[in-house]
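In our numbering, the protein residues as written are 1 to 498. Report on the structure given below.
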Amino acid sequence: MAKKIITEPSRTLMEYRLLPGYTPADCNPNNISLRTPLVYSEDNEKKYYLNIPLVSAAMQSVSGDQMGIELAKLGGAAFIFCSQSTESEAKMVRKIKNHKAGFVKPKTMKADMKVKEMFEIRKDSGHSTFPVVDENGLFAGLISKWDYDVSLHADCLIKDRMIKKENIQVGTNITDLIEANRALLESHKSVLPILDEEGKLISMVFRKDINDQLDFPLEIHDKKKRLISVAAINTHDFQERVRALVDAEVDVIAIDSSDGYTQYQADAIKWINENYPTIPVIGGNIITKEGFRFLVEAGAKAIKVGMGGGSICITQEQKGTGRGLATTIIEVIEERDKYFKETGKYIPVAADGGVTSTKDVTIALALGADYVMMGRYFARMEESPTDKIVVNNRVMKPYWGEGSTRAQNWKARRYNQGKFVEGVEGMVEYAGHLRDNLEETLAKIKSSMGTCGAMNISEFHDLAELEVVSALSIREGKPHDIYLSSENIDNQDYNSLE
Ligand code: IMP
Numbered sequence: 001m002a003k004k005i006i007t008e009p010s011r012t013l014m015e016y017r018l019l020p021g022y023t024p025a026d027c028n029p030n031n032i033s034l035r036t037p038l039v040y041s042e043d044n045e046k047k048y049y050l051n052i053p054l055v056s057a058a059m060q061s062v063s064g065d066q067m068g069i070e071l072a073k074l075g076g077a078a079f080i081f082c083s084q085s086t087e088s089e090a091k092m093v094r095k096i097k098n099h100k101a102g103f104v105k106p107k108t109m110k111a112d113m114k115v116k117e118m119f120e121i122r123k124d125s126g127h128s129t130f131p132v133v134d135e136n137g138l139f140a141g142l143i144s145k146w147d148y149d150v151s152l153h154a155d156c157l158i159k160d161r162m163i164k165k166e167n168i169q170v171g172t173n174i175t176d177l178i179e180a181n182r183a184l185l186e187s188h189k190s191v192l193p194i195l196d197e198e199g200k201l202i203s204m205v206f207r208k209d210i211n212d213q214l215d216f217p218l219e220i221h222d223k224k225k226r227l228i229s230v231a232a233i234n235t236h237d238f239q240e241r242v243r244a245l246v247d248a249e250v251d252v253i254a255i256d257s258s259d260g261y262t263q264y265q266a267d268a269i270k271w272i273n274e275n276y277p278t279i280p281v282i283g284g285n286i287i288t289k290e291g292f293r294f295l296v297e298a299g300a301k302a303i304k305v306g307m308g309g310g311s312i313c314i315t316q317e318q319k320g321t322g323r324g325l326a327t328t329i330i331e332v333i334e335e336r337d338k339y340f341k342e343t344g345k346y347i348p349v350a351a352d353g354g355v356t357s358t359k360d361v362t363i364a365l366a367l368g369a370d371y372v373m374m375g376r377y378f379a380r381m382e383e384s385p386t387d388k389i390v391v392n393n394r395v396m397k398p399y400w401g402e403g404s405t406r407a408q409n410w411k412a413r414r415y416n417q418g419k420f421v422e423g424v425e426g427m428v429e430y431a432g433h434l435r436d437n438l439e440e441t442l443a444k445i446k447s448s449m450g451t452c453g454a455m456n457i458s459e460f461h462d463l464a465e466l467e468v469v470s471a472l473s474i475r476e477g478k479p480h481d482i483y484l485s486s487e488n489i490d491n492q493d494y495n496s497l498e
């Protein structure tokens, strides 16, 4: 006889709808905050927050450095995938951390290098302005794309084309970004090199970065104003990987596993907490209250929940394991709240797998999740690491599961050492830039929260009232009994009874 048999079916997010609550006059999208904790931290100062409740899945076809940069700028976080070599994952993290701190350390050029040599480096780095140093390593000047034309100056020396130090305003030993930004604005220039007393370059501050900061008010950053980066690890090579990621200055580690209720995961969490106590670890995935307690007691600072619901996931079919995400969230949140009452520790919960539309995000948050992890949603964006393809005149992007054959080519096979697959490979329709898509998604989430009278996610947890809906009711929620003008009428059902 099985240890436990639950006869009530587990439910998906699609099966719930929100009931409106009282909406006060000031509860409008302009006043609604989507800020939410990423991980628990005893020291509130160090607590990391997301400014939007969305993170991208740790998957090869979703979360590379470009997604890491853009999503952090927009208030969320990409979980950099770990099904790649430790070096390349650490490189991605480094790229995110170096993206823009305000204080940037670009590659330096030697004064007696030829313009054509610099041009090659420029092509690779994508930067247009470089600091130049003399033979003693002291700052000598700046060279930017306006200072030369390769067709004319290829064989000239950089020192003959650069703007010399005497004509450049520099800052000395400035470590405060606000001060540096002020000095830059006062200088009327686009860049401010910061030197030490001896004249060695420490860093540079660019005006375009100041503009960027104004452009991205929700950006999440560390105390040095660098973007926050989150990176995934597996439970196989985690010691070497964590060392490299910490070297690259990762902020948060997330364990990527389809089943986190294991001794391996507890051991990994404990090891990280012992060796890197300032780096919070996100554990998961689990789908039961026992799994939640187990990982939290092992030291996890946030928990990912969900199994079997991902759009590319065939775990349920292959192994018979899994649970509807709504039921999972309800059970785990009950346990999370209980744990909070007992210990005063609020452990954020991320809902993961099968969150396909904004309404699913809203229902997951209403049920108590603090943020939502999505793969398919983000795979469609320009910023995902895949190339666009055209199929039947439609622009697509490839999307594949971490347990698919394609991802399993990576040696540390995540699921089952390659004896069978748990994920498929497919395509999703290209959706354009992340920023444009998020605008609509966030507007919808805020609108639902407003309907429930919630000014923030914590209030949403307290105020939301939900109801299970019938299949007919779901059908009724879509357009029906009309021909849609946007589609060919020959392809449409017209089901009216009258
Ligand atoms: P989606 O947002 O519905 O596309 O689901 C993404 C989530 O599916 C990820 O965050 C993982 O938790 C999960 N996942 C990723 N790859 C696989 C796989 O190959 N098999 C099963 N689940 C997967």
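Virtual Cβ for every residue (Gly too), placed ideally from N, Cα, C.
Exposure of E179, with buried meaning 16 or more beta-carbon neighbours within 10 Å: Classification of E179: exposed, given that the 10 Å Cβ count is below 16.
Give the straight-line distance between the Cα atoms of E186 and E15, rounded to the nearest whole angstrom. Using only the alpha carbons, I get a separation of about 57 Å.
Indicate, with yes or no, if the ligand IMP has a heavy atom lying under 7 Å from the CB of D352. Yes, the ligand IMP has a heavy atom inside 7 Å of this Cβ.
Counting only the same chain and skipping the five closest in sequence on each side, list residues whose C-beta sits under 8 Å from that of L466. Residues of the same chain with a CB within less than 8 Å of the CB of L466, apart from the 5 flanking positions on each side, are Y16, R17, L18, L19, I363, A366, L367 in chain order.
Pull up the CB-CB distance for R11 and A300, whole angstroms please, since I reckon it's below 8 Å. Not quite, the Cβ-Cβ distance comes to about 25 Å (not below 8 Å), so this is no contact.
Short Cβ contact (8 Å threshold) for V252 with V391: Cβ distance not < 8 Å, so V252 and V391 don't count as in contact.
Do the segment 111-126 and the segment 144-164 touch if we need at least three Cβ pairs shorter than 8 Å? Touching, yes.
For the ligand IMP, is there any heavy atom lying closer than 7 Å to the beta carbon of S311? Yes.
If I measure Cβ to Cβ from E383 and keep anything under 6 Å in the same chain, skipping five residues before and after, which residues do I get? Excluding positions up to five away in sequence, the list reads Q66, M67, E70, L434.
Using 7 Å as the cut-off, classify the Cβ of N437 as near or not near the heavy atoms of the ligand IMP, replying yes or no. No heavy atom of the ligand IMP is found nearer than 7 Å to the CB of N437.
Counting only beta-carbon atoms, is I329 nearer than 8 Å to chain B? As a matter of chain content, chain B is missing from the structure shown, which is built from one protein chain.
Scan the segment 381-449 and note each continuous beta strand (DSSP E) run of 3 residues or more that stays entirely inside, going in chain order. Counting whole runs of 3 or more residues, the segment 381-449 contains the beta strand (DSSP E) stretches 389-391, 394-400, 425-429.
State the start and end residues of the unbroken alpha helix (DSSP H) segment that holds I174. Where I174 is concerned, there is no enclosing alpha helix (DSSP H), given that its DSSP letter is neither H nor E.
Collapsed DSSP secondary structure at G141 in the structure displayed: In the three-state reduction of the DSSP assignment, G141 falls in the strand class.
C-alpha distance - G401 paired with M59, whole-angstrom precision: Taking the straight line from one Cα to the other gives about 7 Å.
Using 10 angstroms around the beta-carbon of G308, count the other beta-carbons present and answer buried if the total reaches 16, otherwise exposed. Buried, by the Cβ-count rule.
Minimum length 4: unbroken alpha helix (DSSP H) runs contained in the segment 267-328: Listed in chain order, the alpha helix (DSSP H) runs fully inside the segment 267-328 are 289-298, 315-319, counting runs of at least 4 residues.
Could you check where the alpha helix (DSSP H) with L38 kicks off and where it finishes? Annotation: L38 is outside any alpha helix (DSSP H) and is labelled neither H nor E by DSSP.
Excluding the five sequence neighbours on either side, which residues of its own chain have a C-beta within less than 8 Å of the C-beta of T321, listed in chain order? The beta carbon of T321 is closer than 8 Å to those of D259, M307, G308, T315 in its chain, skipping five residues each way along the sequence.
Check for me: the alpha helix (DSSP H) holding T129 runs from which residue to which? From DSSP, T129 is part of no alpha helix (DSSP H) but of the beta strand (DSSP E) over 129-133.
What do you get for K73, buried or exposed, if any count of 16 or more other CB atoms within 10 angstroms of its CB means buried? In the assembly as shown, K73 is a buried residue. Its beta-carbon has 16 or more other beta-carbons within 10 Å.
Run through the DSSP bridge pairs and tell me what V469 is partnered with. Answer by DSSP bridge pairing: none, since V469 is not bridged.
Beta carbon of N376: closer than 7 Å to some heavy atom of the ligand IMP? Here the sequence assigns Arg to residue 376, which means Asn is not the residue at that position. Checking the Cβ of R376 against the ligand IMP gives yes.
Considering only heavy atoms of the ligand IMP, does any lie closer than 7 Å to the CB of G423? Yes, the Cβ of G423 comes within 7 Å of a heavy atom of the ligand IMP.
Quick one: does the C-beta of E402 sit closer than 7 Å to a heavy atom of the ligand IMP? Yes, Cβ of E402 sits closer than 7 Å to a heavy atom of the ligand IMP.
Minimum C-alpha distance to E272 - residue among Q239, E219, G284, Y264: With the sequence shown as reference, residue 272 is identified as Ile, and Glu is not the correct amino acid for it. Answer by Cα proximity: Q239.
Simplified DSSP assignment, three categories, for I502: In this structure the chain extends from 1 to 498, so residue 502 is not present and cannot be described.
What residues are listed by DSSP as bridge partners for M204? Paired residues: V104, P193.
Cβ of V191 within 8 Å of Cβ of T108? No, the pair does not count as a contact, with Cβ atoms beyond the cut-off.
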